[in-house]
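S.K.: Residue numbers are given in UniProt numbering: position 76 of the sequence shown equals residue 76, and the series is strictly consecutive.
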Amino acid sequence: MYHCQDTPKVAHPVKDHDCWEKPKDMDTDRTIYTVHAPNAASDVVGEMEAALASSSIAFKCLRSGFLIDVVILCWNNLLRIEEEIGAKAVYAGANFCKPVEPY
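#1: How is C19 classed by DSSP in three states: helix, strand or coil?
#2: Would you say M48 and L73 are within 8 Å of each other, going by their C-beta atoms?
#3: Kindly indicate which three-state DSSP category residue 119 falls into: helix, strand or coil?
#4: Verify whether the separation of the beta carbon atoms of V71 and S54 is less than 8 Å.
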């Protein structure tokens, strides 16, 4: 049985937003967050699901095998995490993506 843990590499929202260096010149810490119910991140989970859906289309010619099994396992794991998170999900960039009021 394979184990799939979703660990996106994201930075602290405020520090990352304040940093305008080129990626190759960055010395800002890039903290790793694990996505699970206490650390809800529905935006990250949604993007991972989209990537896995795309890869399943790319590998649809494979009926079985290690690669397709891992993709399916990770996809199911993301769906399970999303169900556990539910309404407790928090968007990490919420403070930076406020809607603009019309004039």
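The C-beta atom is built at its ideal place from N, Cα and C for all residues, glycine as well.
M.R.: Quick look at the numbers:
#1: In the sequence shown, the residue the question calls residue 19 occupies position 19. C19 sits in coil when the DSSP states are folded into three classes, being neither helix nor strand.
#2: Indexing the sequence shown from 1 puts residue 48 at position 48. Indexing the sequence shown from 1 puts residue 73 at position 73. No, Cβ-Cβ distance for M48 and L73 is not below 8 Å.
#3: This structure cannot settle anything about residue 119, because the visible part of the chain is limited to 1 through 103.
#4: Locating residue 71 in the sequence shown gives position 71, counting from the first residue. Locating residue 54 in the sequence shown gives position 54, counting from the first residue. No, the pair does not count as a contact, with Cβ atoms beyond the cut-off.
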